[in-house]
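Residue numbers (our numbering): 281 to 990.
Backbone N, C-alpha and C fix where the C-beta goes; we use that ideal spot for every residue, glycine too.
I have placed the structure first, in the form of structure tokens, so that the comments after it can refer back to it.
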Amino acid sequence: MMTGVAEDEDKWLAAGIAGLQQNAFYMHRAMDSNNLRDALKYSAQMLSELRTSKLSPHKYYELYMRAFDELRKLEMFFKEETRRGCSIVDLYELVQHAGNILPRLYLLCTVGSVYIKSKEAPAKDILKDLVEMCRGIQHPLRGLFLRSYLSQLSRDKLPDIGSEYEGDADTITDAVEFVIQNFTEMNKLWVRMQHQGPAREKERREKERSELRDLVGKNLHVLSQIEGIDLDMYKDTVLPRILEQVVNCKDEIAQYYLMDCIIQVFPDEYHLQTLEVLLSAFPQLQASVDIKTVLSQLMERLASYAALSSEVLPEFLQVEAFSKLNSAIGKVIEAQPDMPVVGAVTLCSSLLKFSLHVHPDRLDYADQVLGSCVKQLSGKGKIEDSKATKQIVALLSAPLEKYNNVVTALKLSNYPCVMEYLDNETNKVMATVIIQNIMKNNTHISTADKVEALFELIKGLIKDLDETLHDEVDEDDFKEEQCSVARLIQMLHNEDPEEMFKIICVVKKHILTGGPKRLSFTVPPLVFNSLKLVRRLQGQEENPFGDDESTSTKKIFQLLNQIVEALSSIPAPDLALRLYLQCAEAANDCDLEPVAYEFFTQAYIIYEEEISDSRAQVTAMHLIIGTLQRMHVFGVENRDTLTHKATGYSAKLLKKPDQCRAVYACSHLFWVDDQDNLKDGERFAIVCFLHFYCAFSGKLVLRIGAMCLS
Numbered sequence: 281m282m283t284g285v286a287e288d289e290d291k292w293l294a295a296g297i298a299g300l301q302q303n304a305f306y307m308h309r310a311m312d313s314n315n316l317r318d319a320l321k322y323s324a325q326m327l328s329e330l331r332t333s334k335l336s337p338h339k340y341y342e343l344y345m346r347a348f349d350e351l352r353k354l355e356m357f358f359k360e361e362t363r364r365g366c367s368i369v370d371l372y373e374l375v376q377h378a379g380n381i382l383p384r385l386y387l388l389c390t391v392g393s394v395y396i397k398s399k400e401a402p403a404k405d406i407l408k409d410l411v412e413m414c415r416g417i418q419h420p421l422r423g424l425f426l427r428s429y430l431s432q433l434s435r436d437k438l439p440d441i442g443s444e445y446e447g448d449a450d451t452i453t454d455a456v457e458f459v460i461q462n463f464t465e466m467n468k469l470w471v472r473m474q475h476q477g478p479a480r481e482k483e484r485r486e487k488e489r490s491e492l493r494d495l496v497g498k499n500l501h502v503l504s505q506i507e508g509i510d511l512d513m514y515k516d517t518v519l520p521r522i523l524e525q526v527v528n529c530k531d532e533i534a535q536y537y538l539m540d541c542i543i544q545v546f547p548d549e550y551h552l553q554t555l556e557v558l559l560s561a562f563p564q565l566q567a568s569v570d571i572k573t574v575l576s577q578l579m580e581r582l583a584s585y586a587a588l589s590s591e592v593l594p595e596f597l598q599v600e601a602f603s604k605l606n607s608a609i610g611k612v613i614e615a616q617p618d619m620p621v622v623g624a625v626t627l628c629s630s631l632l633k634f635s636l637h638v639h640p641d642r643l644d645y646a647d648q649v650l651g652s653c654v655k656q657l658s659g660k661g662k663i664e665d666s667k668a669t670k671q672i673v674a675l676l677s678a679p680l681e682k683y684n685n686v687v688t689a690l691k692l693s694n695y696p697c698v699m700e701y702l703d704n705e706t707n708k709v710m711a712t713v714i715i716q717n718i719m720k721n722n723t724h725i726s727t728a729d730k731v732e733a734l735f736e737l738i739k740g741l742i743k744d745l746d747e748t749l750h751d752e753v754d755e756d757d758f759k760e761e762q763c764s765v766a767r768l769i770q771m772l773h774n775e776d777p778e779e780m781f782k783i784i785c786v787v788k789k790h791i792l793t794g795g796p797k798r799l800s801f802t803v804p805p806l807v808f809n810s811l812k813l814v815r816r817l818q819g820q821e822e823n824p825f826g827d828d829e830s831t832s833t834k835k836i837f838q839l840l841n842q843i844v845e846a847l848s849s850i851p852a853p854d855l856a857l858r859l860y861l862q863c864a865e866a867a868n869d870c871d872l873e874p875v876a877y878e879f880f881t882q883a884y885i886i887y888e889e890e891i892s893d894s895r896a897q898v899t900a901m902h903l904i905i906g907t908l909q910r911m912h913v914f915g916v917e918n919r920d921t922l923t924h925k926a927t928g929y930s931a932k933l934l935k936k937p938d939q940c941r942a943v944y945a946c947s948h949l950f951w952v953d954d955q956d957n958l959k960d961g962e963r964f965a966i967v968c969f970l971h972f973y974c975a976f977s978g979k980l981v982l983r984i985g986a987m988c989l990s
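Set out below in structure tokens:
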């Protein structure tokens, strides 16, 4: 059916063009022979083709442009006729005798253009006459194109300041009145199109109207180009008249487009000084108008205007721009109780960006916007609409992008409240954005309170907010998220050992609630960060914790023992063993023999009870032997106990080659070059002998030799 209509339109357009070209041919012939009457006759017949009601706006525009080109030639002919002595006044009267009103008005506008150029009458009088006469066409499509033609002809002939058609002191008012009147009538015709035809063709009519919107908007562009419109005239006359028409038309398409036009075509300075008048129109618009987009564009333009020069910033303070925008947004949301969540959040996001650009030093403004957002989200539960969550992420990302410092965002009391409304997946996305911002800007988070606030913000990565979704998480994404948390933990630092210890305690509290799957990622960086603190305390004479140094390091080691012990719930025996050995080595450097011995004991327990794979046993055994060799804090009894255990475990490895290598490695435990009390030549020789002998004899000999060592 649509194909048939399109084919019919093509036929009608072809017929219209053919008729237009035929009459244009005779018109040209009459003009060439200076025959005015025939030129008017055939031009009127040519313009009669524009009386059709069968064409869509797109096809009608094609026909109109052909007629427009011919009218330009006709205008040149009229100008030549006046030079040859023809009275322009008589010509202006003559064209009004055309039989049909549409051709008559096109000819009248064409002659009127020549009339204005002749300056035989004031431009304002001719323009007023033309704009009034055009009321004779009330068909929406034909009337729009006729008035568009009038606007096109008159735009360079307005009685503006500095123009050759400038008249008396009120000339600017006349020019403004002409443009606004033409705009008002065009908008009425444009809106009327919506109500013509059956309801089933509503979408088609809306599409056609969208194609014609520029015809109406050009009037506002012409208005913005009038040099004589100063701020006072714009504030008192121009803007109120335009807004009155926009509000009263009560049409969704027209209101959205025209408000957008106002924002785009007039200067930012005017918007700032008339902010209250402009904003007062928004709550009066139809509920279906996409106000959030228009208001967002306004705030974006004002923010860009503020960024041009610091000299304009006092103007924003003087007019209280933030307060007015904030109040207007509240009124808009109140006037539209059914506004979707995404609309309210988008408005808050735009206002926050405006505040951050214009008033970066006013964190209270930013927090106020976030508070307004919380108010709009209250009672909604977790937001699952993808568009709304995207806007919330943009809202929360704005302070991070502006200040490049998450510490500043932590000062905003309503920041975490907004995050509470994100669904679990988006919460993790936002947490990742926060961590990436910290990494990118190398942000220094140095107090336990700030760390506590930060970890509350990124809790979506630290623990499962919804256990039912845990199995649905992509493994690679999960690893990437946890690695980012691990890097964050490594960045935490404070020169004050006592404050650093508090930070470690805060991090421990959070990561131990993260579930077994996360611990293998988050425990190691916390352990090594704690060990950094231990190393720093080694060289200090005074104890920051209020007692002797041994007690302070013991306090940290007790904490470390609890942290590593948490890995038993995974289980991750290999990782736990490595961390226990690292802690033992740190205790060795601090000359804490009981602590080091306890860590080794825990490592042996893990080896005995949890490491069953033969390859893992070999690796673990070599780690134990290597760490034990570097230890110097142990007394003879403790070292013998640990050494004999290592030797015994080495002899019990599954494969003979592994046994040989492990036992041979144990021989180094009996002879340490830089420690005289660890040079047992007899046992060293026995172990070496057993190593070489075992390469050629059975397992039994190896075990006997190991027993001899003990």
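Contact under 9 angstroms by Cβ, residue i with residue j
{"i": "Leu-575", "j": "Val-612", "result": "yes"}
{"i": "Leu-857", "j": "Ile-791", "result": "no"}
{"i": "Phe-808", "j": "Glu-873", "result": "no"}
{"i": "Leu-631", "j": "Leu-605", "result": "yes"}
{"i": "His-551", "j": "Arg-581", "result": "yes"}
{"i": "Gly-365", "j": "Met-326", "result": "no"}
{"i": "Ala-668", "j": "Val-621", "result": "yes"}
{"i": "Met-619", "j": "Ile-672", "result": "no"}
{"i": "Lys-743", "j": "Thr-793", "result": "yes"}
{"i": "Ala-534", "j": "Trp-470", "result": "yes"}
{"i": "Pro-439", "j": "Ala-455", "result": "yes"}
{"i": "Leu-426", "j": "Leu-385", "result": "yes"}
{"i": "Ala-567", "j": "Ala-624", "result": "no"}
{"i": "Thr-833", "j": "Leu-847", "result": "no"}
{"i": "Ile-738", "j": "Val-698", "result": "no"}
{"i": "Thr-451", "j": "Thr-517", "result": "no"}
{"i": "Gly-497", "j": "Leu-538", "result": "yes"}
{"i": "Leu-643", "j": "Lys-720", "result": "no"}
{"i": "Asn-684", "j": "Thr-723", "result": "yes"}
{"i": "Glu-350", "j": "Ala-310", "result": "no"}
{"i": "Gln-770", "j": "Phe-801", "result": "no"}
{"i": "Asp-540", "j": "Thr-573", "result": "yes"}
{"i": "Val-875", "j": "Ala-942", "result": "no"}
{"i": "Ala-864", "j": "Phe-879", "result": "yes"}
{"i": "Tyr-884", "j": "Leu-922", "result": "yes"}
Rounded Cβ spacing between residue i and residue j (contact assumed at less than 8 angstroms)
{"i": "Thr-907", "j": "Leu-861", "result": "4 angstroms"}
{"i": "Leu-495", "j": "Met-466", "result": "7 angstroms"}
{"i": "Ala-324", "j": "Gly-379", "result": "7 angstroms"}
{"i": "Leu-248", "j": "Tyr-344", "result": "Outside the displayed range of the chain (281 to 990) lies residue 248, so it cannot be described from this structure."}
{"i": "Val-545", "j": "Ser-504", "result": "4 angstroms"}
{"i": "Val-654", "j": "Asn-694", "result": "6 angstroms"}
{"i": "Ser-666", "j": "Val-713", "result": "So it is not a contact: roughly 16 angstroms between Cβ atoms."}
{"i": "Val-411", "j": "Phe-358", "result": "The Cβ separation is near 20 angstroms, so there is no contact."}
{"i": "Glu-483", "j": "Gly-442", "result": "Their Cβ separation, rounded to whole angstroms, is 47 angstroms, which puts Glu-483 and Gly-442 out of contact at 8 angstroms."}
{"i": "Val-687", "j": "Ile-725", "result": "6 angstroms"}
Residue i - partner residues in DSSP beta bridges
{"i": "Ile-663", "result": "Leu-702"}
Buried or exposed by the 16-neighbour rule on C-beta atoms within 10 Å, applied to residue i
{"i": "Glu-287", "result": "exposed"}
{"i": "Pro-796", "result": "exposed"}
{"i": "Lys-487", "result": "exposed"}
{"i": "Arg-798", "result": "buried"}
{"i": "Leu-934", "result": "exposed"}
{"i": "Leu-597", "result": "exposed"}
{"i": "Ile-783", "result": "buried"}
{"i": "Leu-293", "result": "buried"}
{"i": "Asp-290", "result": "exposed"}
{"i": "Gly-296", "result": "buried"}
Where in the region 526-555 do unbroken runs of the alpha helix (DSSP H), each at least 4 residues long, occur, reported from the N-terminal end onward?
532-545 and 548-553
Jot down the residue ranges of each uninterrupted alpha helix (DSSP H) in the region 556-603, minimum 4 residues, whole runs only, in chain order.
571-588 and 593-599
Go through the region 693-738 residue by residue and report every complete run of the alpha helix (DSSP H) that reaches 4 residues or more, in order.
695-699, 704-721 and 728-737
If we require 4 or more residues per run, which alpha helix (DSSP H) segments fall completely within the region 772-818?
777-791 and 796-818
Minimum length 4: unbroken alpha helix (DSSP H) runs contained in the region 453-507
Within the region 453-507, the complete alpha helix (DSSP H) runs of at least 4 residues are 482-504.
Output the residue ranges of the alpha helix (DSSP H) runs that lie fully inside the region 354-415 and measure 4 residues or longer, sorted by chain position.
Fully enclosed alpha helix (DSSP H) runs of 4 or longer: 368-374, 381-398 and 403-413.
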